[in-house]
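In our numbering, the protein residues as written are 171 to 512.
Idealized CB from N, CA, C, for every residue including glycine.
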């Protein structure tokens with residue numbers, strides 16, 4: 171039986187979660203809510219995407235509903251989660267992708283309309299955060315509002331997990347070289363909280379803050395307080411890259427580190443962590459569903475205790491796929507899956 175999902179907020183992540191879910195036989199999209207997009211415009215935005223290309227499927231409208239590949243999807247335009255009648259369309263697991271309702275209290279408004287679970291597609295101050303392949307086994311069915319963390323945490327955490335379990339991380343600094351996102355400015359404009367963030371996105375490399383490294387401590391408690399980091403926003407539309415520079419507890423050659431990451435990418439973290447020795451650049455990872463692809467040729471070691479490790483991620487598509495994967499995992503746990511994978 172397919173999990174029935176609804177999407178609140180049809181921006182970059184909302185639309186890409188839709189694309190990731192629509193052809194998955196285990197997922198049924200029942201409803202979309204966005205007060206700023208009417209049905210005709212929603213159809214257009216779903217059909218065309220400057221980064222990921224034209225939608226591979228049939229899109230139409232009928233009686234105020236979106237029809238995709240012959241399946242009718244209810245469309246709403248409510249401002250508040252409390253107003254959305256999820257039970258009317260049958261949606262049970264809600265993707266909260268507005269970027270606004272990111273706390274348990276705010277996201278819990280969805281329950282009034284009949285939602286059973288809410289997955290926030292952003293970091294949260296108080297909701298349990300999960301990264302697939304890292305701590306999703308800690309999810310329990312009594313958790314009703316959870317966070318899929320950030321795209322950068324989804325890249326850093328699987329790599330940090332492998333390194334820490336094999337060699338021990340004493341401490342580390344992370345830098346993400348991150349593509350433009352919708353919060354940035356096309357041309358110089360006001361940005362009271364982040365003056366540099368108000369500068370033209372397509373014309374500058376912009377230093378910025380990120381809580382992604384510290385958030386790893388929430389999904390890997392043993393690393394709490396051992397990692398921090400910052401970001402550079404750069405003029406590319408998609409795909410970002412993490413640089414993890416860390417001090418190791420156990421001595422390890424770079425070849426040993428490569429072997430450990432490669433082994434994990436082919437076994438317990440397959441589909442999440444990738445490994446490449448090719449001469450790749452950022453655009454090679456557009457629409458890659460994995461969230462952390464280790465670049466063996468890009469990393470370096472100063473000695474057996476101090477290394478710089480590099481991992482790529484499609485900050486849009488990889489993350490959106492893991493939102494869907496987390497929902498599927500939750501659904502299995504909630505329904506007493508006995509397969510041993512949960």
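DSSP-derived helix/strand/coil call for residue 334: The residue given as residue 334 occupies position 164 in the chain shown. Residue 334: helix per DSSP, three-state reduction.
Cβ pair count under 8 Å reaching 3, the stretch 451-462 against the stretch 478-491: yes
Delimiting residues of the beta strand (DSSP E) encompassing residue 413: As a first step, residue 413 must be located in the chain shown, where it is residue number 243. 410-418 is the extent of the beta strand (DSSP E) around residue 413.
Outcome for residue 175 when other beta-carbon atoms lying within 10 angstroms are tallied against a minimum of 16: For the purposes of this step, residue 175 is identified with residue 5 of the chain shown, where counting begins at 1. It counts as buried.
Cβ neighbours of residue 401 in the same chain (closer than 6 Å, five flanking residues each side left out): As a first step, residue 401 is located in the chain shown; it is residue number 231 there, counting from the start. Closer than 6 Å at the Cβ level, and outside the excluded window around residue 401, lie 346, 348, 378 and 380.
Of the listed residues 429, 404 and 321, nearest to residue 488 (C-alpha basis): Position 318 of the chain shown, counted from the start, is the residue given in the question as residue 488. Minimum Cα distance to residue 488 is reached at 321.
Near the ligand SAM: residue 469 beta-carbon under 6 Å from a heavy atom: The ligand content of the structure shown is nil, which means the ligand SAM is not present either.
Cutoff 6 Å; reference residue 249; Cβ partners in own chain excluding five residues on either side: Residue numbering aside, residue 249 sits at position 79 when the chain shown is read from its first letter. For residue 249, where only same-chain residues beyond five positions count, the Cβ hits under 6 Å are 205.
Within 7 Å, strictly: CB atoms of residue 299 and residue 495: The count along the chain shown starts at 1 and reaches residue 299 at position 129. The count along the chain shown starts at 1 and reaches residue 495 at position 325. Contact: no.
Cβ neighbour criterion (16 or more within 10 Å) applied to residue 360: Translated into the one-based positions of the chain shown, residue 360 becomes position 190. Residue 360 comes out exposed.
Bridge partner(s) assigned by DSSP for residue 465: Locating residue 465 in the chain shown gives position 295, counting from the first residue. For residue 465, which the question treats as bridged, DSSP gives the partners 446.
Alpha carbon of residue 281 to alpha carbon of residue 387, nearest angstrom: Counting from 1 along the chain shown, the entry for residue 281 is found at position 111. Counting from 1 along the chain shown, the entry for residue 387 is found at position 217. Straight-line Cα distance between these residues: approximately 29 Å.
Where the alpha helix (DSSP H) containing residue 295 begins and where it ends: Residue mapping note: residue 295 aligns to position 125 of the chain shown, counting from 1. Residue 295 -> no alpha helix (DSSP H), and no H or E assigned at all.
Neighbour-count burial assignment, residue 213, 16 or more Cβ in a 10 Å radius: Counting from 1 along the chain shown, the entry for residue 213 is found at position 43. Burial call: buried.
Alpha carbon of residue 245 to alpha carbon of residue 307, nearest angstrom: Sequence index remark: in the chain shown, residue 245 carries index 75 (1-based). Sequence index remark: in the chain shown, residue 307 carries index 137 (1-based). Approximately 33 Å between the Cα atoms of the pair.
Residues bridged to residue 377 [DSSP beta-bridge criterion]: Locating residue 377 in the chain shown gives position 207, where the first residue counts as 1. According to DSSP, residue 377 bridges with 402.
Unbroken alpha helix (DSSP H) run spanning residue 184, endpoints: On the chain shown, residue 184 is found 14 positions in, with the first residue counted as 1. Note, residue 184: alpha helix (DSSP H), 182-192.
Integer-rounded CB distance, given that residue 342 should sit under 8 Å from residue 417: Residue mapping note: residue 417 aligns to position 247 of the chain shown, counting from 1. Residue mapping note: residue 342 aligns to position 172 of the chain shown, counting from 1. Yes, they are in contact, since the Cβ atoms of residue 417 and residue 342 sit about 7 Å apart, within 8 Å.
Contact check, residue 201 vs residue 261, beta carbons under 7 Å: Counting from 1 along the chain shown, the entry for residue 201 is found at position 31. Counting from 1 along the chain shown, the entry for residue 261 is found at position 91. Yes, the Cβ-Cβ distance between residue 201 and residue 261 is below 7 Å.
Counted within 10 angstroms of its Cβ, other Cβ atoms place residue 467 as buried (16 or more) or exposed: Stepping through the chain shown from its first residue, residue 467 is reached at position 297. The residue is exposed, with fewer than 16 neighbouring Cβ atoms inside 10 Å.
Helix, strand or coil at residue 349 [DSSP, three-state]: For the purposes of this step, residue 349 is taken as the residue at position 179 of the chain shown. Here residue 349 sits in coil by DSSP.
Element boundaries [alpha helix (DSSP H), containing residue 274]: Looking up residue 274 in the chain shown gives position 104. 274-277 is the span of the alpha helix (DSSP H), which, as asked, contains residue 274.
CB contact flag (residue 178, residue 258, <7 Å): Looking up residue 178 in the chain shown gives position 8. Looking up residue 258 in the chain shown gives position 88. The Cβ-Cβ distance between residue 178 and residue 258 does not fall below 7 Å.
Beta-ladder partner(s) of residue 212, from DSSP: Mapped onto the chain shown, residue 212 falls at position 42. Answer is none; residue 212 lacks a bridge partner.
Residue 407 beta carbon less than 7 Å from that of residue 221: By one-based count along the chain shown, residue 221 stands at place 51. By one-based count along the chain shown, residue 407 stands at place 237. Result yes, Cβ atoms of residue 221 and residue 407 sit closer than 7 Å.
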